[in-house]
Amino acid sequence: MPGTIWSFSQARRLGPGPETTLVQGPGVSWVHPDGVGVQIDTITPEIRALYNVLAKVKRERDEYKRRWEEEYTVRVQLQDRVTELQEEAQEAEACQEELAMKVEQLKAELVVFKGLMSNNITELDTKIQEKAMKVDMDICRRIDITAKLCDVAQQRNCEDMIKMFQSLHLSPVKVPASVGRKRERKQVSDEDTSLSESDASRKPDEEEEDETTAMSINEEMQRMLNQLREYDFEDDCDSLTWEETEETLLLWEDFSGYAIAAAEVQGEQDDSLEKVIKDTESLFKSREKEYQETIDQIELELATAKNDMNRHLHEYMEMCSMKRGLDVQMETCRRLITQSGDRKSPAFTPASNSESAPNEESEESDRDPPSDASIR
Numbered sequence: 000m001p002g003t004i005w006s007f008s009q010a011r012r013l014g015p016g017p018e019t020t021l022v023q024g025p026g027v028s029w030v031h032p033d034g035v036g037v038q039i040d041t042i043t044p045e046i047r048a049l050y051n052v053l054a055k056v057k058r059e060r061d062e063y064k065r066r067w068e069e070e071y072t073v074r075v076q077l078q079d080r081v082t083e084l085q086e087e088a089q090e091a092e093a094c095q096e097e098l099a100m101k102v103e104q105l106k107a108e109l110v111v112f113k114g115l116m117s118n119n120i121t122e123l124d125t126k127i128q129e130k131a132m133k134v135d136m137d138i139c140r141r142i143d144i145t146a147k148l149c150d151v152a153q154q155r156n157c158e159d160m161i162k163m164f165q166s167l168h169l170s171p172v173k174v175p176a177s178v179g180r181k182r183e184r185k186q187v188s189d190e191d192t193s194l195s196e197s198d199a200s201r202k203p204d205e206e207e208e209d210e211t212t213a214m215s216i217n218e219e220m221q222r223m224l225n226q227l228r229e230y231d232f233e234d235d236c237d238s239l240t241w242e243e244t245e246e247t248l249l250l251w252e253d254f255s256g257y258a259i260a261a262a263e264v265q266g267e268q269d270d271s272l273e274k275v276i277k278d279t280e281s282l283f284k285s286r287e288k289e290y291q292e293t294i295d296q297i298e299l300e301l302a303t304a305k306n307d308m309n310r311h312l313h314e315y316m317e318m319c320s321m322k323r324g325l326d327v328q329m330e331t332c333r334r335l336i337t338q339s340g341d342r343k344s345p346a347f348t349p350a351s352n353s354e355s356a357p358n359e360e361s362e363e364s365d366r367d368p369p370s371d372a373s374i375r
């Protein structure tokens with residue numbers, strides 16, 4: 000059979016024992032390189048050629064078998080690799096769909112986020128402007144109250160001075176210095192007595208009017224002081240002011256990167272969404288920081304204005320106390336002047352010269368103003 004060694008050998012038994020002796024037969028054995036063994040002296044050239052062909056076929060068959068096994072192994076590996084690639088492709092498609100959904104969701108969230116932030120910023124601008132108007136109105140009201148208080152104080156001082164001069168000039172008849180005009184004074188004395196009676200009748204009415212005016216002024220001043228004391232100075236963050244100047248007024252147009260970022264968001268691909276979101280967040284943070292700085296500055300200015308108002312109020316209270324002291328001193332001076340006038344009047348009015356009494360009183364009244372001025 001091809002592929003096996005075919006050697007002709009004959010085993011012979013020599014001797015009666017159990018041992019057998021292998022005796023090589025005649026001829027020389029020939030072994031084919033491919034494992035086909037035949038005996039040389041028993042084959043012909045044709046059989047040898049046939050054995051050579053069979054050996055070549057066997058070699059080719061083994062080579063084909065080896066190549067087929069290698070190709071089969073490679074094909075199995077390729078099939079496994081194709082299966083893995085198909086699975087990876089399916090996973091990649093699923094991931095791509097998920098990423099597309101996330102991108103759409105991020106786009107929607109970005110639109111909503113922009114809308115919310117724009118609404119919040121608009122509301123913040125509106126509140127700041129309202130608070131600024133409120134603070135401006137409060138400041139104007141305080142300035143008006145201070146001006147009104149000053150006007151009332153000045154009016155009170157003027158009225159007090161007028162009343163003082165009127166009290167010092169109650170007798171309207173002036174006495175001449177020369178004694179040679181006594182006859183003229185006797186002729187005019189009748190008219191002067193009638194005028195003095197009319198003035199005496201008007202004096203209580205004028206005093207009542209002055210008292211009512213003074214009482215009304217005092218009531219008005221007291222009411223204004225109570226209003227200032229009861230006025231609630233807001234110390235919280237709502238008491239803000241807002242000046243629409245180039246340095247403090249912040250608008251969306253002030254940020255050039257905002258419009259550029261909005262245009263890039265519309266034109267760029269999905270991979271630029273994260274960058275746009277970061278730019279928007281940084282923009283909002285910077286704007287919030289600037290708002291906070293503006294609010295701090297406004298609160299500082301408001302605190303300064305409140306301190307100034309309190310200082311003005313204390314100064315006004317001191318002025319009122321000084322005025323009350325001056326009023327007391329003036330009233331004391333008036334009483335002293337009145338008492339001195341009452342003491343001097345009997346010495347200059349004897350019983351025999353009753354007609355010249357009004358004239359002498361007028362002389363005393365004429366002499367009193369310079370003394371009053373010297374007292375002041």
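Going letter by letter, the sequence shown gives residues 0 to 375 in numbering that gives the first Met the number 0. Glycine included, each C-beta is placed from N, C-alpha and C at the ideal position.
Reduced DSSP secondary structure (H/G/I, E/B, other) of aspartate 43: Indexing the sequence shown from 1 puts residue 43 at position 44. First, the amino acid is wrong: residue 43 is threonine here, not aspartate. Reduced to three states, the DSSP call for threonine 43 is coil.
Segment limits, alpha helix (DSSP H) that includes serine 320: Reading the sequence shown from its first residue, position 321 is the one you call residue 320. In the DSSP assignment, serine 320 falls within the unbroken alpha helix (DSSP H) covering 272-343.
C-beta atoms of tyrosine 315 and alanine 131 nearer than 9 Å: Walking along the sequence shown from the start, residue 315 turns up at place 316. Walking along the sequence shown from the start, residue 131 turns up at place 132. No, these two residues do not count as a Cβ contact at 9 Å.
Separation of arginine 74 from glutamate 96, as counted between CA atoms: Taking the sequence shown and counting its residues from 1, one reaches residue 96 at position 97. Taking the sequence shown and counting its residues from 1, one reaches residue 74 at position 75. C-alpha separation (whole angstroms): 33 Å.
Presumed contact (8 Å Cβ cut-off) between leucine 272 and leucine 105, rounded CB distance: As a first step, residue 272 is located in the sequence shown; it is residue number 273 there, counting from the start. As a first step, residue 105 is located in the sequence shown; it is residue number 106 there, counting from the start. Their Cβ separation, rounded to whole angstroms, is 5 Å, which keeps leucine 272 and leucine 105 in contact under 8 Å.
Rounded C-alpha distance that separates methionine 0 from threonine 72: Counted from its first residue, the sequence shown places residue 0 at position 1. Counted from its first residue, the sequence shown places residue 72 at position 73. At methionine 0 the pLDDT is 43, less than 50, meaning the model places this residue with poor confidence and gives no usable figure here.
CB of tyrosine 290 within 9 Å of CB of leucine 123, strictly: Position 291 of the sequence shown holds residue 290. Position 124 of the sequence shown holds residue 123. Remark: C-beta atoms of tyrosine 290 and leucine 123 approach each other more closely than 9 Å.
Rounded Cβ spacing between leucine 312 and valine 134 (contact assumed at less than 8 Å): Translated into positions along the sequence shown, residue 312 becomes position 313. Translated into positions along the sequence shown, residue 134 becomes position 135. Rounded, the Cβ-Cβ distance is 18 Å, inconsistent with contact.
Three-state secondary structure (DSSP) of aspartate 143: As a working mapping, residue 143 is identified with position 144 in the sequence shown. Here DSSP, grouped into helix, strand and coil, assigns aspartate 143 to helix.
Distance between beta carbons of leucine 109 and isoleucine 276, contact taken as under 8 Å: Along the sequence shown, read from residue 1 onward, the residue named residue 276 stands at position 277. Along the sequence shown, read from residue 1 onward, the residue named residue 109 stands at position 110. Right, the Cβ-Cβ distance comes to about 6 Å (below 8 Å), so this counts as a contact.
Distance between isoleucine 46 and valine 52 (C-alpha atoms, nearest Å): Counting from 1 along the sequence shown, the entry for residue 52 is found at position 53. Counting from 1 along the sequence shown, the entry for residue 46 is found at position 47. Here the alpha carbon of valine 52 sits roughly 10 Å from the alpha carbon of isoleucine 46.
Residue environment, leucine 148, which counts as buried when at least 16 other CB atoms sit within 10 Å: For the purposes of this step, residue 148 is taken as the residue at position 149 of the sequence shown. Burial call: buried.
Exposure label - arginine 155; buried when at least 16 CB within 10 Å: The residue you call residue 155 lines up with position 156 of the sequence shown. It counts as buried.
For isoleucine 138 and threonine 121, the rounded distance between their alpha carbons: As a first step, residue 121 must be located in the sequence shown, where it is residue number 122. As a first step, residue 138 must be located in the sequence shown, where it is residue number 139. Using only the alpha carbons, I get a separation of about 26 Å.
Pick from Lys64, Thr331, Lys322 that is closest to glutamate 382, judged by C-alpha positions: Nothing in the structure corresponds to residue 382, since the chain is present only between 0 and 375.
Between the CA atoms of serine 320 and arginine 141 - distance to the nearest angstrom: Mapped onto the sequence shown, residue 141 falls at position 142. Mapped onto the sequence shown, residue 320 falls at position 321. Going by the C-alpha atoms only, they are around 21 Å apart.
Residue from Asp278, Lys288, Glu330, Ser339 with nearest C-alpha to lysine 113: For the purposes of this step, residue 113 is taken as residue 114 along the sequence shown, with counting starting at 1. For lysine 113, the nearest C-alpha among the options comes from Asp278.
Cβ-based neighbour list, arginine 310, same chain, cut-off 7 Å, excluding 5 preceding and 5 following: Taking the sequence shown and counting its residues from 1, one reaches residue 310 at position 311. The answer is none, since no qualifying residue turns up.
Cβ of alanine 152 within 9 Å of any chain B Cβ: Included in the structure is just one protein chain, with no chain B present.
Which listed residue (Glu287, Leu84, Asn306, Asp295) has its alpha carbon closest to that of asparagine 119: As a working mapping, residue 119 is identified with position 120 in the sequence shown. Closest in C-alpha terms to asparagine 119, from the list Glu287, Leu84, Asn306, Asp295, comes Glu287.
Rounded straight-line distance, which links the Cα of alanine 88 to that of aspartate 61: Sequence index remark: in the sequence shown, residue 61 carries index 62 (1-based). Sequence index remark: in the sequence shown, residue 88 carries index 89 (1-based). Roughly 40 Å between the two C-alpha positions.
Which listed residue (Asp79, Ile336, Gln128) has its alpha carbon closest to that of isoleucine 294: The residue you call residue 294 lines up with position 295 of the sequence shown. Per the Cα distances, Gln128.
Local Cβ density within 10 Å of methionine 308, reported as buried at 16 or more and exposed below that: Looking up residue 308 in the sequence shown gives position 309. Answer is buried; the Cβ neighbour count reaches 16.
Proximity winner among Glu280, Glu292, Lys305, Arg333, relative to threonine 145 (alpha-carbon distances): As a first step, residue 145 is located in the sequence shown; it is residue number 146 there, counting from the start. Threonine 145 has its Cα closest to that of Lys305, out of Glu280, Glu292, Lys305, Arg333.
Buried versus exposed call for tyrosine 50 [16 or more other C-beta atoms within 10 Å across all chains shown]: Start at 1 with the first residue of the sequence shown, and residue 50 comes out as number 51. Tyrosine 50 should be labelled buried.
C-alpha gap between isoleucine 336 and glycine 324, whole angstroms: Position 337 of the sequence shown, counted from the first residue, corresponds to residue 336. Position 325 of the sequence shown, counted from the first residue, corresponds to residue 324. Straight-line measurement puts the Cα of glycine 324 at about 18 Å from the Cα of isoleucine 336.
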